[in-house]
Every structure is written in structure tokens, then in C-alpha cells.
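Asks:
Numbering (my numbering), first residue to last: 255 to 549.
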């Protein structure tokens with residue numbers, strides 16, 4: 255999906271990314287009760303067959319309708335009207351060249367850390383709230399609010415990145431992330447518990463929008479497919495470590511609060527890493543490629 259969006263949208267890429275991922279999340283949430291009902295009615299074997307056939311049909315339709323590049327059907331990417339071919343040519347660093355730069359590794363660590371703290375927390379929220387005396391019903395409602403806010407926030411964050419650029423948007427995301435974790439530890443009242451739910455809903459959107467947008471800006475479009483696949487893998491790697499880490503901190507301390515304070519500090523660190531890698535990338539574009547890169 256990231257490659258398609260990169261090829262089709264020259265402008266408003268952040269907003270389009272938010273809309274695309276909101277759609278996929280919405281479909282997932284709508285399918286969940288349908289799949290559950292199928293399993294109850296027909297059993298899991300038959301349900302899996304129904305899902306497999308549905309996927310095959312959807313993939314076939316997608317292959318017929320979707321084109322990897324607008325040039326394949328004689329079109330140009332959105333936002334390129336009035337621009338010369340030289341202006342819209344993909345620029346940036348090949349992955350093998352970027353890996354020789356310090357800012358590549360700063361960005362890599364940042365991607366790993368955001369996966370580590372956000373995904374691990376998402377899986378433990380209901381358990382955390384119930385362990386702090388919140389009823390199971392209210393904990394489920396708070397988690398539903400997190401998911402709903404996450405859907406809306408994807409579009410909002412995409413628009414923020416389009417309007418503010420990478421540097422300011424990274425700071426905004428970092429502040430929200432750090433405050434979200436602090437509020438998770440401190441806000442457990444009947445009303446105040448909704449504060450971290452809203453903030454962490456935005457953070458779940460950051461996990462999608464921030465890496466997608468900044469990967470293209472920091473490394474350019476010339477080798478985007480290779481770069482985004484690598485950083486997606488690193489993001490999932492961080493996520494895989496995050497879940498047992500969060501549970502492990504609970505086992506050691508008897509509470510998730512210590513994890514939230516640690517994660518708030520990590521949020522500040524990863525914000526600095528993203529911000530610094532972005533600034534160093536801008537300088538590298540200018541000095542090595544003689545290009546004034548968009549922020």
C-alpha cells in the first residue's frame with residue numbers, strides 16, 4: 255500500500271496515507287464480528303475456507319483494477335500538474351548508500367523503539383486498567399475509545415504532516431506520545447481515565463503515519479520500496495519485543511506504571527532520534543545531492 259500511495263500521490267501524501275489506513279482498520283473492525291458469527295454458525299474450518307475464497311476474489315478484482323503507477327494508464331501522480339519531469343523525478347539515497355550514514359541508524363533505532371513501546375502497550379491496556387481496579391466493562395469501553403480515536407487520528411495526523419512538514423510533526427507526535435504514557439500512569443479516575451484513552455488512540459495512529467511519511471521524506475523516493483520494507487520489518491521486530499517486555503516489567507514490579515514512565519522517557523528519546531535523523535538527511539540532500547529537500 256505504501257508503494258502505491260508513493261507512486262500515485264506527489265502532494266497530500268500524508269492525508270491520503272491516513273485515509274487509506276483508516277479504511278483498512280475500519281474494514282478489519284467491521285469484519286471481526288462477522289468472522290466470529292461465521293465461526294459460531296459453521297465452525298472454524300468452514301469459516302477459514304469462506305475467508306480464503308473471499309480473499310482470492312478480492313485479490314483478483316484488485317489485480318484488475320489497481321495499477322502500480324499512474325503512468326501505466328497514461329496518468330500522472332496527483333499534485334504534479336504544472337511541474338516539469340525533472341521536478342517530479344524520484345530522488346534520494348539508495349538503501350545501500352543510506353546505510354553508510356549515521357542518520358540511517360538513528361532512524362532505525364527510532365523505528366524499533368516506537369514499535370517497542372506502542373505495540374507492547376496496546377496489548378496490555380485492558381489488563382492494566384482492570385489491575386488498577388477499573389471494571390472489565392469500563393476497561394473494554396476505554397479500549398474501544400482508543401481504537402475509535404486511532405481511526406480518526408490517522409487522517410488528522412496525515413494532514414498534520416502535509417501541513418507542518420516532518421520536523422514540526424515529529425515534535426508534535428513525540429509530545430503526544432510522552433504525555434500519553436504519563437497520563438496512563440496517573441489518570442485512573444472515572445473521568446480522567448478517558449484522557450489517556452484519547453491520547454493513546456492518537457499514538458496508535460502515529461505508529462502507522464509517522465514511519466510511512468518520514469521514511470519517504472528522509473530517504474527519498476528513489477529506493478522507497480526497499481527502504482519502507484526494511485523499516486516495516488524493524489517496526490514489527492520492535493513490536494515483537496515490546497509485548498513480552500511490558501509483561502515482564504509488570505511481573506518484576508507488580509504494576510504497569512513503571513513501564514509507562516520508562517516508555518515516556520523512551521518516547522522523548524525516539525523523538526530526538528527522528529528529529530535529528532531528519533535534519534541530518536536534509537543536510538545530506540543539500541551537500542551530497544545538491545537538492546533542497548522538503549521538510
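C-beta atoms are modelled at their ideal positions from N, C-alpha and C, and glycine is treated no differently.
1) From residue 484 to residue 543, what does the alpha carbon distance come to, in whole angstroms?
2) Suppose only complete runs of 4+ residues qualify. What are the alpha helix (DSSP H) ranges in the stretch 390-474, listed by chain order?
3) Under a Cβ-count criterion, where at least 16 other Cβ atoms within 10 Å of its own Cβ denotes burial, should residue 460 be classed as buried or exposed?
4) What's the call for residue 383, buried or exposed, on a 16-neighbour Cβ count within 10 Å?
5) Is there contact between the stretch 318-325 and the stretch 492-509, where contact requires at least three CB pairs shorter than 8 angstroms?
6) How about residue 403 and residue 455: are their beta carbons less than 7 angstroms apart?
7) Go ahead and pull the three-state DSSP assignment for residue 508.
8) Count the other CB atoms within 10 Å of the CB of residue 462; is the residue buried (16 or more) or exposed (fewer)?
9) Is it buried or exposed for residue 514, if we count other Cβ within 10 angstroms and need 16 for buried?
10) Which residue wins for smallest C-alpha separation from residue 530, given the options 328, 289, 357, 313?
11) With a cut-off of 8 angstroms, do at least 3 Cβ pairs link the stretch 306-317 to the stretch 498-508?
12) Roughly how far, in whole angstroms, is the beta-carbon of residue 415 from the beta-carbon of residue 467, given that I think they are within contact range, below 8 angstroms?
13) Buried or exposed: residue 346, going by 16 or more other Cβ atoms within 10 Å of its Cβ?
Replies: So, from the data block:
1) Taking the straight line joining both Cα atoms gives about 23 angstroms.
2) Listed in chain order, the complete alpha helix (DSSP H) runs (minimum 4 residues) inside the stretch 390-474 are 390-440, 448-473.
3) With a 10 Å radius around the Cβ and a threshold of 16 neighbouring Cβ atoms, residue 460 comes out buried.
4) So residue 383 ends up on the buried side.
5) No, the stretch 318-325 is not in contact with the stretch 492-509.
6) Closer than 7 angstroms, so yes.
7) Residue 508 carries a coil assignment under DSSP once its states are collapsed to helix, strand and coil.
8) Flag for residue 462 reads buried.
9) Around the beta carbon of residue 514, 16 or more other beta carbons lie within 10 angstroms, which makes this residue buried.
10) Looking at 328, 289, 357, 313, the one whose alpha-carbon comes closest to that of residue 530 is 357.
11) Touching, no, given that fewer than three Cβ pairs across the two stretches are closer than 8 angstroms.
12) Yes, they are in contact, since the Cβ atoms of residue 415 and residue 467 sit about 5 angstroms apart, within 8 angstroms.
13) Per the 10 Å Cβ criterion, buried.
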